[in-house]
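**Q** In the working numbering, the protein residues as written are 452 to 1307. Note that CB positions come from ideal geometry on N, CA and C, so glycine has one too. The structure under discussion is supplied below as structure tokens; questions concerning it will follow.
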């Protein structure tokens, strides 16, 4: 640690630049600025006996002197300069690597056109930012998103990446194999995923920032408004966001919960996704930005913060309210291919969604070197109504209404302690979900007694708890981690269908089932570092399951043996990582599968009956990975190969009456096979400030189905290739170009269906002239099928004028295609040609303002 102070003959010298060099050359090891008291401090590790320190200030003479490479306190008296000093330019290394920490200088990658820190992260070598905001470093998802080493947002770090201006960030750090638990870190137990940390500017750490934007536009009254309050003090941080729009923005993106790490899987954190029983026959959304096709009115507020407490404790909170009214308009022409038949139908649809969402999360964490405690309480409540008016074949109008409320409460607790030199962990995860749904269809197509309308009520609830103990210890160069625990679950399904005709006739179908699961599990993970380069990892689990099903015909008892075994060998060699492995498993799908003896009408043309069969599957998987990364050289390459095959004890039996699908599960051994090959190459050119990424993916799924008592094999293939370039070489021009090719094909009993090809191009250009920024965006979407070509072009432009604390912007969306998008695609044995109604030409005038923020 090197500390010091600067003064002239009278008072401290403020905002002087202090640089540290390796002795004998001009390589900058570290830099900082003197504070309001003239003091400076930095920490640096150097493999040398001496260093050189340099102090620069526009009003004083430069000082440079040699110092020993030890911790010390220095004092300098600066002399006022008697001559005119030319402007000083400090060239900083864009990337610095020290041990397991890689530091990126934000200003080396940013441009005036960037709006938030996510835009800058996407340009950094070794960093990937997905369309949904997921951040990867060296091919692995980050486990933590820190701001000044505080984890405010957990898995919802989109809130920070989308709303923290890049000007507030000085450096971005990535910690490899990050271990956030001090107890495990003190024992040398590393994590499996990297972590990200934002180092803020001094000004950003000392003031509360308030940023806002307000936009109004035409053709009808358009609005887009947002207010963001940010505070990043040492012991308290918050990001509060209030926003509303009707221009088709993705209002739920800030709520995205990213899958974090292998540790979370080992801790058996429950998936938060819903498992709806009823739904409207909504036409799938196109692969476009929502602002192209979504007609919406949205408002939301999000409160997020973290408070440091005494004794290495902290409290984190998250509260969100979301209100949205969404509408899409589309037409569908669909063909379903079978060995002896092809089913075709056409449908027009107007889909409307009205939703309220209220969710909260409170987390307490105490992180000591000898103990660790964490408790998270989560609650979610949805109020949702959906309506779809469909027209079949231009003749029959069908009205569908779905009332879709949802409630969930969950608690996750874990405690780590050291006992007799071993790490002992206690984990308890519990949750309750309640999903009462109501679907009304008029008229219906089910042809049951000639009924003309139907009303269906379904109530599904799940109560589950898992409690287990984890022991960690070292033995004979092995690191062992054992897990022993108990899972208890209770599920209840009630359904009631009322079918009635115009003459007053009625018919009903009912389900009233309960199932209870009792499961013990034992898991052992062993890792052996054979040498510095070679690591062997193996994992085995045995989890017997007892399942009781309480039905109208009595109680059914089931017992299953579940087991899992995996082995993986990896080798590190001069920036390369080679790994290969395999696994075998026998699993029961009781947690995500509903049992029902009477049919449930899932949509207006789909009926399913799962019966009481408990799904079980055995699978074998082999995998290989090659990874190379050289951050300073700007190179990275990653290739994965996965081959999965096995058997399941059930098969889907599809029967069609016209276009109505009746799907039920029958007890038949069914083979399946999946293949995936994925590769990605990335090169960053530092001098040209240009990032180029190339990727390709091949996927093949093979499965057996039954249709009208006839078995057939389907093989679905998907080839994807993508190229992306981001160039910031010129200070006056930023370019970004992306192309993506997607080829889809299905084979049924050896007979290939028509091939569908989709081609997408995007080009962004930012022209920067002083404080003016002109942005142009061109997007092209083409699909080809059976010599038929469908093409769509989109153009957006904006003109922005920047001022010190505010800016104005004129935005024009959908300059060219304002009518519709035609999309052709094939998935499994379905061919779809869809027409989506697009938003008209939108013109928006926006004012953005900032209070209390800034860079160095």
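Spatial neighbours of residue 1246 within its chain, please: CB distance less than 6 Å, with the 5 preceding and 5 following residues excluded, ordered by chain position.
**A** Excluding sequence neighbours, residue 1246 sits near 1229, 1266, 1267.
**Q** Which residues mark the beginning and the end of the alpha helix (DSSP H) in which residue 635 is found?
**A** Taken as a continuous stretch (DSSP letters only), the alpha helix (DSSP H) holding residue 635 covers 633-637.
**Q** Could you compute how far the alpha carbon of residue 899 sits from the alpha carbon of residue 646?
**A** Low local confidence applies: a pLDDT of 48 at residue 899 is under 50, so the model's placement there is unreliable, with the coordinate-based value given in what follows. Each residue's alpha carbon lies about 57 Å from the other.
**Q** For residue 495, count neighbouring Cβ atoms within 10 angstroms of its own Cβ and tell me buried if that reaches 16, exposed if not.
**A** That one is exposed.
**Q** Mapping the DSSP letters down to three states, classify residue 1292 as helix, strand or coil.
**A** Note: residue 1292 maps to coil in three-state DSSP.
**Q** What span of residues does the beta strand (DSSP E) with residue 932 cover, start to end?
**A** Note, residue 932: beta strand (DSSP E), 929-951.
**Q** Tell me, please, which residues DSSP counts as bridged to residue 406.
**A** Lying outside 452 to 1307, the shown extent of the chain, residue 406 is not represented and no answer is given.
**Q** Taking the straight line between their C-alpha atoms, what separation do you get for residue 468 and residue 982?
**A** Going from the Cα of residue 468 to the Cα of residue 982 covers about 45 Å.
**Q** Consult DSSP for residue 568 and reduce its assignment to one of helix, strand or coil.
**A** If DSSP states are grouped into helix, strand and coil, residue 568 belongs with the helices.
**Q** Suppose only complete runs of 4+ residues qualify. What are the alpha helix (DSSP H) ranges in the region 1102-1176, listed by chain order?
**A** Fully enclosed alpha helix (DSSP H) runs of 4 or longer: not present.
**Q** Please go through the same chain and pick out, in chain order, the residues whose beta-carbon is closer than 6 Å to the beta-carbon of residue 1117, but skip the five residues on each side of it.
**A** Around residue 1117: 1102, 1104.
**Q** Could you name the residues of the same chain whose beta carbon sits closer than 8 Å to that of residue 847, not counting the 5 residues immediately before and after it, in chain order?
**A** 894.
**Q** Write down the C-beta distance between residue 567 and residue 519 rounded to the nearest angstrom, noting that I regard them as a contact closer than 8 Å.
**A** Going by Cβ atoms, the distance from residue 567 to residue 519 rounds to 43 Å, so no, they are not a contact pair.
**Q** Rounded to a whole number of angstroms, what is the C-alpha to C-alpha distance between residue 563 and residue 454?
**A** Going from the Cα of residue 563 to the Cα of residue 454 covers about 34 Å.
**Q** Taking all protein chains shown into account, do 16 or more other C-beta atoms lie within 10 angstroms of the C-beta of residue 1180, making it buried, or fewer, making it exposed?
**A** It counts as exposed.
**Q** Identify, in the order they occur along the chain, each residue of the same chain with its Cβ nearer than 6 Å to the Cβ of residue 483, setting aside the five sequence neighbours on each side.
**A** Cβ neighbours of residue 483 beyond the five flanking positions: 469, 491, 493.
**Q** For the beta strand (DSSP E) that residue 514 lies in, which residues bound it at each end?
**A** Residues 511-519.
**Q** Suppose you measure from the CA of residue 960 to the CA of residue 976; what does that come to, to the nearest Å?
**A** In a straight line, the C-alpha of residue 960 is about 48 Å away from that of residue 976.
**Q** How about the region 813-824 and the region 783-799: do they share at least three Cβ pairs that are nearer than 8 Å?
**A** Counting Cβ pairs under 8 Å, fewer than three are found: no touch.
**Q** I'd like to check one pair, residue 696 with residue 676: are the Cβ atoms closer than 8 Å?
**A** Cβ distance < 8 Å, so residue 676 and residue 696 count as in contact.
**Q** From the DSSP output, which residues share a beta bridge with residue 486?
**A** Note: residue 486 sits in no beta bridge, so no partner.
**Q** Are the region 860-873 and the region 903-914 touching by the rule of at least three beta carbon pairs closer than 8 Å?
**A** Segments in contact, no.
**Q** Following the continuous beta strand (DSSP E) through residue 611, name the residue where it begins and the one where it ends.
**A** Residue 611 -> not in any beta strand (DSSP E); alpha helix (DSSP H) instead, spanning 609-614.
**Q** Mapping the DSSP letters down to three states, classify residue 618 as helix, strand or coil.
**A** Here residue 618 sits in helix by DSSP.
**Q** Please work out which residues of its chain come closer than 6 Å, Cβ to Cβ, to residue 1160, disregarding the five sequence neighbours upstream and downstream, and give them in chain order.
**A** Hits under 6 Å: none found.
**Q** Name the two residues that bound the continuous beta strand (DSSP E) containing residue 732.
**A** Looking at the DSSP string, residue 732 is not in any beta strand (DSSP E), and its letter there is neither H nor E.
**Q** Kindly indicate which three-state DSSP category residue 744 falls into: helix, strand or coil?
**A** Three-state result, residue 744: helix.
**Q** Report the CB separation of residue 1082 from residue 577 in whole angstroms; it is logged as a contact under 8 Å.
**A** The Cβ separation is near 5 Å, so the contact holds.
**Q** What does DSSP give as the partner residue(s) for residue 1074 in the beta ladder?
**A** BP columns for residue 1074 point to 1032, 1093.
**Q** In its own chain, which residues sit with a C-beta less than 6 Å from the C-beta of residue 806, not counting the 5 before and 5 after it?
**A** Result list for residue 806: 775, 835, in chain order.
**Q** Can you tell me the Cβ-Cβ gap for residue 1272 and residue 739, rounded? I've got them flagged as a contact below 8 Å.
**A** Residue 1272 to residue 739, Cβ: 7 Å. Contact.
**Q** Only counting the same chain, and skipping five residues up and downstream in sequence, which positions put a Cβ closer than 6 Å to that of residue 1257?
**A** So the qualifying residues of the chain are 1300.
**Q** To the nearest angstrom, how far is it from the Cα of residue 1276 to the Cα of residue 585?
**A** Computed Cα separation, rounded: 26 Å.
**Q** Check residue 549 in the structure and name its three-state DSSP category.
**A** In this structure, residue 549 counts as strand in the three-state DSSP scheme.
**Q** Ends of the beta strand (DSSP E) at residue 664?
**A** Run containing residue 664: 660-669, per the beta strand (DSSP E) assignment.
**Q** Looking at residue 1098: is its Cβ nearer than 8 Å to the Cβ of residue 1115?
**A** For residue 1098 and residue 1115, no; Cβs fall outside 8 Å.
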